[in-house]
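In terms of numbering that gives the first Met the number 0, the sequence shown opens at residue 0 and continues consecutively.
What follows is a set of notes on a single structure, which appears directly below.
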Amino acid sequence: MSYWPLGLTVVANVLYHVFLKVTPASVNPVLSLVVTYLTAAAATAVIFVAGPDRVPLAAGLKELNWASYALGLAIVGLEVGFMLAYRAGWNISLAGLISSTTVALLLIPVGLLLFRESLTMVNALGVALCLAGLALVNYKG
């Protein structure tokens with residue numbers, strides 16, 4: 000396995016949270032996301048045109064299924080959710096951690112049931128530690 004794609008997601012995710020956190024609260028969140036998506040569309044269009052895995056547009060569009068459109072809706076939910084969380088006062092140090100840990104835990108049954116993945120005992124121990132960490136992070140004592 001190559002680790003650079005995972006490294007890219009880590010760097011992009013850190014920047015994502017920082018940029019959302021510093022978006023002025025006075026800015027209309029929907030307008031902010033429109034500008035974000037236009038920027039993302041322009042960047043991905045450049046990658047599509049200049050990238051090594053270029054395919055003819057019509058042929059590529061024919062290969063798409065519902066998941067590409069559903070992913071767009073999921074991304075909107077992700078963006079709006081974090082933007083509203085930060086505007087509601089969530090700390091950048093906790094919002095991403097709580098969300099990512101919860102998502103990781105929810106993806107376990109998805110992987111097991113839908114994609115026939117498996118967990119080892121060591122993986123199960125890691126899950127238990129994630130649950131304990133989530134409880135500690137949310138502890139108000």
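For glycine and all other residues, C-beta sits at the position ideal for the given N, C-alpha and C.
Only a predicted model underlies this, so the values are computations on that prediction, with no experimental measurement involved.
When you compare the CB positions of Gly95 and His16, do they come within less than 7 Å of one another, or not?
Within the sequence shown, numbered from 1, the residue matching residue 95 stands at position 96. Within the sequence shown, numbered from 1, the residue matching residue 16 stands at position 17. For Gly95 and His16, yes; Cβs fall inside 7 Å.
In angstroms, rounded to a whole number, what distance separates the CA positions of Val9 and Leu130?
Walking along the sequence shown from the start, residue 9 turns up at place 10. Walking along the sequence shown from the start, residue 130 turns up at place 131. Approximately 21 Å, taken between the alpha carbons.
Hey, Met82 and Leu14 are a contact pair by Cβ (cut 8 Å); roughly how many whole angstroms apart?
Here residue 82 refers to the residue found at position 83 when the sequence shown is read from its first residue. Here residue 14 refers to the residue found at position 15 when the sequence shown is read from its first residue. Contact flag wrong, Cβ pair sits at about 15 Å.
Which listed residue (Tyr85, Ala123, Glu116) has its alpha carbon closest to that of Gly25:
As a position in the sequence shown, residue 25 is number 26, starting the count at 1. In the sequence as presented, Gly is not what sits at residue 25; that position holds Ser. Checked all of Tyr85, Ala123, Glu116; the closest Cα to Ser25 is Tyr85.
The segment 89 to 106 touching the segment 121 to 138, judged by at least three CB pairs closer than 8 Å
Taking a cut-off of 8 Å for Cβ pairs, the segment 89 to 106 and the segment 121 to 138 touch, as three or more such pairs fall below it.
Please report how far the alpha carbon of Lys139 lies from the alpha carbon of Gly76, in whole angstroms.
In the sequence shown, counting from the first residue as 1, residue 139 sits at position 140. In the sequence shown, counting from the first residue as 1, residue 76 sits at position 77. In a straight line, the C-alpha of Lys139 is about 28 Å away from that of Gly76.
Alpha carbon to alpha carbon, how far is Val79 from Pro28?
Sequence index remark: in the sequence shown, residue 79 carries index 80 (1-based). Sequence index remark: in the sequence shown, residue 28 carries index 29 (1-based). Rounded to the nearest angstrom, the two C-alpha atoms are 8 Å apart.
Where Leu113 sits in the DSSP three-state scheme
Indexing the sequence shown from 1 puts residue 113 at position 114. In the structure shown, Leu113 sits in a helix (DSSP, three-state: H, G or I).
Three-state secondary structure assigned by DSSP to Trp3
Translated into the one-based positions of the sequence shown, residue 3 becomes position 4. DSSP places Trp3 within a helical segment (H, G or I) once states are collapsed to three.
Excluding the 5 residues preceding and the 5 following Thr35 in the sequence, name in chain order all residues of the same chain whose CB lies nearer than 8 Å to its CB.
Residue 35 sits at position 36 when you count from the first residue of the sequence shown. In chain order, Glu78 place their CB closer than 8 Å to the CB of Thr35, counting only its own chain and leaving out the 5 sequence neighbours on each side.
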